[in-house]
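Peer 1: One structure is given below, represented as structure tokens, and several questions about it will come after.
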Amino acid sequence: MFFVLGLTVLLVALLVLNNAASLIAVLLWKIFGGRVNRWSAQRSAQALFLLRTLPVALSIGAVVFLFAPAYLRYEPRVGHEDVSAKLALLATLSLIVIAAAIVRGIARWRATDRLTAAWLRMAEPIQIPTVTVPAYQVEHPFPLIAVVGAFRPRLFIARLIFQSLTPAELTAALEHENGHLRAHDNLKRTVACACGDLLLIPVGRGLDRAWLDASEAAADEFAVRRNRRIGLDLASALVKIGRLIPAGARPTMPAVAFLAGEEGTQGFKARVRRLVNLADNQQKQSNVTGLIAQLTKLIPAALALLLVALASKFQVLPAIHAVIERAVYILS
1 MFFVLGLTVL LVALLVLNNA ASLIAVLLWK IFGGRVNRWS AQRSAQALFL
51 LRTLPVALSI GAVVFLFAPA YLRYEPRVGH EDVSAKLALL ATLSLIVIAA
101 AIVRGIARWR ATDRLTAAWL RMAEPIQIPT VTVPAYQVEH PFPLIAVVGA
151 FRPRLFIARL IFQSLTPAEL TAALEHENGH LRAHDNLKRT VACACGDLLL
201 IPVGRGLDRA WLDASEAAAD EFAVRRNRRI GLDLASALVK IGRLIPAGAR
251 PTMPAVAFLA GEEGTQGFKA RVRRLVNLAD NQQKQSNVTG LIAQLTKLIP
301 AALALLLVAL ASKFQVLPAI HAVIERAVYI LS
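For the sequence shown, this note's numbering assigns the number 1 to the initial residue and increments by one for each residue that follows.
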């Protein structure tokens, strides 16, 4: 019963901490989102990804480094509390959420695998010097140019794209996809989806949408990093592809980064306007903004070190165990 109670407590702690931290992350985005949007698209995407994934990472870290050691060290092996119905219910909910997340993750992986296999059957390998992943040309009614796969990405381009875009427009579009590859956006999307699946309360969808928009803008910025006039070629490519997209068609496959088609009409127009602005204006990021944005890379490591440091403090684990005791009493 000692280990059953411990497992129950840890499952409940993970459920409560993750949902509470995710709510705080959404609140932080609502408060500071306007400021983050003034950063470069790359930094905005990094901050949004951090807000989406950090609650899960912190919750797991707290359970592993704080709650589990506190329970194992200070909970008596005999004479401890029984698992109450309320505690068991919350633990069951936590297990259901975790199991559902695993099922959804497997389903997304299988869907991506089936999509890749289907496209490979009708694909023709092509050589593109500027692309570092395997590239294929496919016959497809959708004006497809997409990186598929989180761990072994491949680039698929519809024959329609080669027929419709000029060499300059195609080069700009490929640079956009290189931006997704360099940022590992497909892997990040997979991780972000998993974080959303681990929530009992469906919060953070706005963060997902904002991250998707920011990652597209960041890939656009990457494409025009050396020559901002390329922005006009990419904008022209987007307009042409937009006209080729069948009415009502929107690709929403997992672990796939499309050049165009995922965003709505407003998002599509905003991308084109932004690319034109990038071509016309040399935008510079202030040193202060750049310094603040760099903190997004340091925060995860700093918080991990903080958890380890807290776990090593003699006074912390007894306090955590007192919280566990109080929670078990309230739920008894």
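Beta carbons: idealized from backbone N, C-alpha and C, even for Gly.
Would L336 and W211 be called neighbours here (beta carbons separated by less than 8 Å)?
Peer 2: The structure shown does not extend to residue 336, since the chain spans only 1 to 332, so no value can be given for it.
Peer 1: With C-beta atoms as the reference, is L317 less than 8 Å away from A70?
Peer 2: In the sequence shown, counting from the first residue as 1, residue 317 sits at position 317. In the sequence shown, counting from the first residue as 1, residue 70 sits at position 70. Result yes, Cβ atoms of L317 and A70 sit closer than 8 Å.
Peer 1: Give me the Cα-Cα distance between R326 and K188, rounded to the nearest whole angstrom.
Peer 2: For the purposes of this step, residue 326 is taken as residue 326 along the sequence shown, with counting starting at 1. For the purposes of this step, residue 188 is taken as residue 188 along the sequence shown, with counting starting at 1. Roughly 38 Å separates the two Cα atoms.
Peer 1: Taking 8 Å as the cut-off, does the stretch 36-46 touch the stretch 194-209 (at least 3 CB pairs, one atom from each stretch)?
Peer 2: no
Peer 1: Report yes if the C-beta distance between A68 and V12 is below 8 Å; otherwise report no.
Peer 2: Along the sequence shown, read from residue 1 onward, the residue named residue 68 stands at position 68. Along the sequence shown, read from residue 1 onward, the residue named residue 12 stands at position 12. Cβ distance not < 8 Å, so A68 and V12 don't count as in contact.
Peer 1: Among L54, L17, T132 and D233, which has the Cα closest to the Cα of A304?
Peer 2: What you label residue 304 is simply residue 304 of the sequence shown in a count that begins at 1. That would be L54, whose Cα lies nearest to the Cα of A304.
Peer 1: With respect to the alpha helix (DSSP H) encompassing P141, which residues constitute its N-terminal and C-terminal limits?
Peer 2: As a working mapping, residue 141 is identified with position 141 in the sequence shown. DSSP places P141 in no alpha helix (DSSP H); its state is neither H nor E.
Peer 1: If you count every other CB in all the chains shown that lies within 10 Å of the CB of D220, and 16 or more means buried, which is it?
Peer 2: As a first step, residue 220 must be located in the sequence shown, where it is residue number 220. By the C-beta density criterion, D220 is buried, having at least 16 other C-beta atoms within 10 angstroms.
Peer 1: Report, in whole angstroms, the separation of the C-beta atoms of I145 and E169, which I expect to be a contact under 8 Å.
Peer 2: Taking the first residue of the sequence shown as 1, we reach residue 145 at position 145. Taking the first residue of the sequence shown as 1, we reach residue 169 at position 169. No, I145 and E169 are not in contact; Cβ-Cβ is about 11 Å, not under 8 Å.
Peer 1: Grouping DSSP H, G and I as helix and E and B as strand, with all else coil, what is V148?
Peer 2: As a position in the sequence shown, residue 148 is number 148, starting the count at 1. Three-state result, V148: strand.
Peer 1: Tell me where the alpha helix (DSSP H) around F65 begins and ends.
Peer 2: Along the sequence shown, read from residue 1 onward, the residue named residue 65 stands at position 65. Taken as a continuous stretch (DSSP letters only), F65 belongs to no alpha helix (DSSP H), as it is neither H nor E.
Peer 1: Enumerate, from N- to C-terminal direction, the unbroken alpha helix (DSSP H) stretches of 4 or more residues contained entirely within the stretch 169-249.
Peer 2: 185-197, 205-223 and 230-244
Peer 1: State whether the stretch 135-143 contacts the stretch 112-122, with contact taken as three or more CB pairs (one from each stretch) at a distance under 8 Å.
Peer 2: yes
Peer 1: Between I299 and P143, is the Cβ-Cβ spacing less than 8 Å?
Peer 2: Mapped onto the sequence shown, residue 299 falls at position 299. Mapped onto the sequence shown, residue 143 falls at position 143. Their beta carbons are not under 8 Å apart, which means I299 does not touch P143 by this criterion.
Peer 1: Please classify E216 as buried or exposed, where buried requires at least 16 other C-beta atoms within 10 Å of its C-beta.
Peer 2: As a first step, residue 216 is located in the sequence shown; it is residue number 216 there, counting from the start. Sixteen is the threshold: when 16 or more other Cβ atoms of the shown chains lie within 10 Å of the Cβ of E216, as they do, the residue is buried.
Peer 1: Straight-line CA distance for F65 to I324?
Peer 2: On the sequence shown, residue 65 is found 65 positions in, with the first residue counted as 1. On the sequence shown, residue 324 is found 324 positions in, with the first residue counted as 1. Using only the alpha carbons, I get a separation of about 14 Å.
Peer 1: With respect to the beta strand (DSSP E) encompassing I126, which residues constitute its N-terminal and C-terminal limits?
Peer 2: Taking the sequence shown and counting its residues from 1, one reaches residue 126 at position 126. Unbroken beta strand (DSSP E) run through I126: A123 to I126.
Peer 1: Given G6, which residues of its chain have a CB within under 6 Å of its CB, disregarding the five upstream and five downstream residues?
Peer 2: Here residue 6 corresponds to residue number 6 of the sequence shown, with the count starting at 1. Correct list, in chain order: Y71.
Peer 1: I'd like to know whether the C-beta atoms of L333 and L115 end up nearer to each other than 8 Å.
Peer 2: Only positions 1 to 332 of the chain appear in the structure, and residue 333 is not among them; the question remains open.
Peer 1: Quick one, are the C-beta atoms of A183 and A223 less than 8 Å apart?
Peer 2: Position 183 of the sequence shown, counted from the first residue, corresponds to residue 183. Position 223 of the sequence shown, counted from the first residue, corresponds to residue 223. It is not a contact, given that the beta carbons lie outside the stated cut-off.
Peer 1: For N287, does the three-state DSSP call read helix, strand or coil?
Peer 2: Locating residue 287 in the sequence shown gives position 287, where the first residue counts as 1. The pLDDT assigned to N287 is 48, lower than 50, so where the model puts this residue is not dependable; a value taken from the coordinates is nonetheless given after this. Reduced to three states, the DSSP call for N287 is helix.
Peer 1: Please state if the CB of L87 and the CB of T190 are separated by a distance shorter than 8 Å.
Peer 2: Taking the sequence shown and counting its residues from 1, one reaches residue 190 at position 190. Taking the sequence shown and counting its residues from 1, one reaches residue 87 at position 87. Judged by their CB atoms, T190 and L87 are not nearer to each other than the 8 Å cut-off.
Peer 1: For the candidate residues A192, R274, P202 and V239, whose alpha-carbon lies nearest to that of L23?
Peer 2: For the purposes of this step, residue 23 is taken as residue 23 along the sequence shown, with counting starting at 1. Out of A192, R274, P202 and V239, P202 has the C-alpha closest to the C-alpha of L23.
Peer 1: On the DSSP letters alone, give me the boundaries of the alpha helix (DSSP H) that L317 sits inside.
Peer 2: Walking along the sequence shown from the start, residue 317 turns up at place 317. Note, L317: alpha helix (DSSP H), V316 to I330.
Peer 1: Quick one: Cα of K313 to Cα of R73, how far?
Peer 2: As a position in the sequence shown, residue 313 is number 313, starting the count at 1. As a position in the sequence shown, residue 73 is number 73, starting the count at 1. Answer to the nearest angstrom: the Cα atoms are 13 Å apart.
Peer 1: Starting from R159, follow the alpha helix (DSSP H) in both directions and report where the run begins and ends.
Peer 2: Reading the sequence shown from its first residue, position 159 is the one you call residue 159. R159 to S164 is the extent of the alpha helix (DSSP H) around R159.
Peer 1: Within this structure, are the beta carbons of L307 and N19 separated by less than 8 Å?
Peer 2: Against the sequence shown, residue 307 aligns to sequence position 307. Against the sequence shown, residue 19 aligns to sequence position 19. Taking 8 Å as the Cβ cut-off, L307 and N19 do not qualify as a contacting pair.
Peer 1: Using a threshold of 8 Å, state whether the C-beta atoms of L275 and L234 are closer than that.
Peer 2: As a position in the sequence shown, residue 275 is number 275, starting the count at 1. As a position in the sequence shown, residue 234 is number 234, starting the count at 1. Taking 8 Å as the Cβ cut-off, L275 and L234 qualify as a contacting pair.
Peer 1: So, for T140: in the same chain, excluding its five sequence neighbours on each side, which residues have a beta-carbon less than 6 Å away from its beta-carbon?
Peer 2: Residue 140 sits at position 140 when you count from the first residue of the sequence shown. For the sequence presented, residue 140 should be read as His rather than Thr. Closer than 6 Å at the Cβ level, and outside the excluded window around H140, lie A158.
Peer 1: Less than 8 Å between the CB atoms is what I'm expecting for R104 and D213, so what's the real figure, rounded?
Peer 2: Along the sequence shown, one-based indexing puts residue 104 at 104. Along the sequence shown, one-based indexing puts residue 213 at 213. Wrong, their Cβ atoms sit about 23 Å apart, outside the cutoff.
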